[in-house]
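Just so we're aligned: -10 in the numbering used here is position 10 of the sequence shown, and the numbers increase by one with no gaps anywhere.
Beta carbons: idealized from backbone N, C-alpha and C, even for Gly.
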Amino acid sequence: MRAVRYHGPKLPLRLEVVPQPEPGPGEILVKVTAAGICHTELHFLSGLLNLGINPLTLGHEVVGKVDKVGPGVTAPRVGERVIIYYYVGCGRCAHCLVGDENLCDAIQAEYGFVTDGGFAEYVKVPARNAVRLPDGLSDEAAAPIGCGVTTAVHASALARLKAGEVVLVYGVGAVSYGLIQMAVLAGAEVIAVSRTTAKLAKARQLGAAHTIGATEGKVAERVRELTHGHGADVIFEMVATKETMAACTQAIAKRGRLVFIGYSEDSYTVHPIQLVITEASVMGSVGNTLGELVRAVDLVASGKVQTVVDRVLPLENFQQGIDALAKGELIGRVVLKP
Ligand SMILES: NC(=O)c1ccc[n+]([C@@H]2O[C@H](COP(=O)([O-])OP(=O)(O)OC[C@H]3O[C@@H](n4cnc5c(N)ncnc54)[C@H](OP(=O)(O)O)[C@@H]3O)[C@@H](O)[C@H]2O)c1
Ligand SMILES: [Zn+2]
Ligand SMILES: [Zn+2]
């Protein structure tokens, strides 16, 4: 089968022919029909994220159709449309026991990270990792749920987002479109910051009350003005450069929560007094739980949250998608179709 293979930092992705996987006991084989390209792919390519496993098929936002089941899968699943939950936890550690597979101490598989993912014609996963997709949601529109929407569902819960709070989303891309809609659903007032006008226009369309052009500078001052000095109760940092992190820290409200989702080469520096006098918290958010994927599918299927797809490309044109993402040209995701 054809697959887009990662060979390590600073090496190009290559379309290669690899053996089609065979589902083992309890596993199913999914014929991939749509796979979103996440910004995390760029971190693999630059080497900022280096999990040391290659060659590897990338792709963790994966939708497809069940093609075949392995021994022991008794439920009639062949032909079912599914979206992949990209973690397989050990099922036994303290995190897995409460459903936090994204924090597993002995991860068994992580599709598109350490295990072959969805930029391929087929992917095999344990049957429980293939979540049924309702009709009426196209494969292309569903793919960005897998990371884009799930990350937003998870981070919003971690941030303990409440009605009436001010939420700042710094950097507007595919994950941010999920965050903006989750914040609006929670009854928060959203301020979105980005450098591209068209991305901000889409943010407003999805419910952001205010937008700030990052190129204008003075983002923190603008946030204070818009909130009559209060600042942002929850800040989702999607960019995390020195400049954006400084602005986020200055914009945080008393008892505010700064949540890192994105990251860059830069380190975060803060004088403790800034956290002491505001009683602010700084936290990170990674991935999601299986339950959060099921919730994300429901939110999109019921029309409460929309995914944003900029373009759909055939698998072999993956490089066009990667380049457009790196240049910041996309409003939402690129989805590949094997
Ligand atoms: N923690 C997790 O579980 C998780 C999950 C998914 C993704 N991520 C990470 O989250 C980040 C965002 O992912 P994504 O897929 O949503 O990326 P994306 O679609 O590329 O969106 C990021 C957006 O940030 C904006 N941006 C970049 N530099 C900026 C700057 N200096 N000031 C203001 N805006 C800036 C870009 O738009 P403009 O330049 O046009 O403003 C871009 O559209 C990435 O670092 C990714 O690896 C983390
Ligand atoms: Zn992702
Ligand atoms: Zn575990």
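Cβ neighbours of residue i in the same chain (closer than 7 Å, five flanking residues each side left out)
i: residue 326; result: Nothing about residue 326 can be read from this structure; the chain reaches only from -19 to 318.
i: residue 275; result: 133
i: residue 300; result: 293
i: residue 259; result: 234 and 235
i: residue 17; result: 301, 302, 305, 313, 314 and 316
i: residue 82; result: 67, 266, 267, 268 and 269
i: residue 164; result: 170 and 187
i: residue 194; result: 173, 174 and 175
i: residue 254; result: 229
i: residue 65; result: 109, 111, 270 and 273
Ligand 2 heavy atom lying under 6 Å from the CB of residue i
i: residue 228; result: no
Ligand 1 heavy atom lying under 6 Å from the CB of residue i
i: residue 241; result: yes
i: residue -13; result: no
i: residue 175; result: yes
i: residue 267; result: yes
i: residue 308; result: yes
i: residue 23; result: yes
i: residue 218; result: yes
i: residue 209; result: no
i: residue 153; result: yes
i: residue 194; result: yes
i: residue 131; result: yes
i: residue 179; result: yes
Candidates the options: closest to residue i by CA position
i: residue 343; options: 270, 285, 241 and 227; result: Missing from the structure shown is residue 343; the chain here goes from -19 to 318 and no further.
i: residue -7; options: 34, 0 and 218; result: 34
i: residue 2; options: 89, 121 and 104; result: 104
i: residue 116; options: 264, 283 and 288; result: 283
i: residue 142; options: 95, 162, 154 and 157; result: 162
i: residue 319; options: 207, 80, 281 and 192; result: Residue 319 is absent from the model: the chain starts at -19 and stops at 318.
i: residue 32; options: 94, -2, 253 and 72; result: 94
i: residue 224; options: 244, 160 and 209; result: 244
i: residue 144; options: 167, 84, 251 and 256; result: 167
i: residue 286; options: 75, 76, 190 and 154; result: 154
i: residue 208; options: 221, 146 and 184; result: 146
i: residue 289; options: 221, 182, 251 and 79; result: 182
i: residue -11; options: 197, 226, 27 and -2; result: 27
i: residue 180; options: -9, 318 and 311; result: 311
i: residue 206; options: 197, 221, 158 and 190; result: 190
i: residue 185; options: 197, 196 and 158; result: 158
i: residue 291; options: 78, -2, 57 and 120; result: 120
i: residue 47; options: 160, 102 and 264; result: 102
i: residue 56; options: 77, 15, 8 and 79; result: 8
i: residue 281; options: 80, 251, 65 and 118; result: 118
i: residue 25; options: 222, 76 and -9; result: -9
i: residue 196; options: 227, 248 and 220; result: 227
Spatial neighbours of residue i in its chain, beta-carbon cut-off 8 Å, leaving aside the 5 residues before and after
i: residue 272; result: 130, 133, 134 and 137
i: residue 231; result: 148, 199, 200, 203, 204, 211, 212 and 215
i: residue 296; result: -18 and -5
i: residue 29; result: 20 and 23
i: residue 63; result: 42, 43, 110, 111, 113, 122, 123, 125, 126, 273 and 277
i: residue 298; result: -16, -7, -5, 17, 99 and 316
i: residue 45; result: 10, 11, 13, 59, 60, 61 and 62
i: residue 73; result: 84, 85 and 86
Beta-carbon contacts of residue i that lie in its chain and below 6 Å, excluding the five residues immediately before and after
i: residue 36; result: -14
i: residue 97; result: 37, 38, 39, 40 and 91
i: residue 262; result: 238
i: residue 89; result: 68 and 95
i: residue 156; result: 149 and 218
i: residue 279; result: 285
i: residue 152; result: 172, 174, 179 and 183
i: residue -2; result: -17
- Any heavy atom of ligand 3 within less than 5 Å of residue CB: hits in chain order: 69, 70, 73, 76 and 84
- Task: Taking 6 Å as the limit, tell me which residues put their C-beta closer than that to any heavy atom of ligand 2, in chain order.
- Result: 18, 20, 40 and 127
- Item | Complete runs of the beta strand (DSSP E) confined to the stretch 237 to 315 [at least 3 residues] | Counting whole runs of 3 or more residues, the stretch 237 to 315 contains the beta strand (DSSP E) stretches 261 to 264 and 289 to 294.
- Would you mind listing the beta strand (DSSP E) stretches within the stretch 138 to 197 that are 3+ residues and don't spill past its ends, in chain order? 146 to 150, 169 to 174 and 190 to 193
- Message: Which complete beta strand (DSSP E) runs does the stretch 51 to 92 hold, if anything under 3 residues is left out?
- Response: 61 to 64
- Item | Unbroken stretches of the beta strand (DSSP E), 3 residues or longer, contained in the stretch -10 to 49 | -6 to -3, 7 to 17 and 41 to 49
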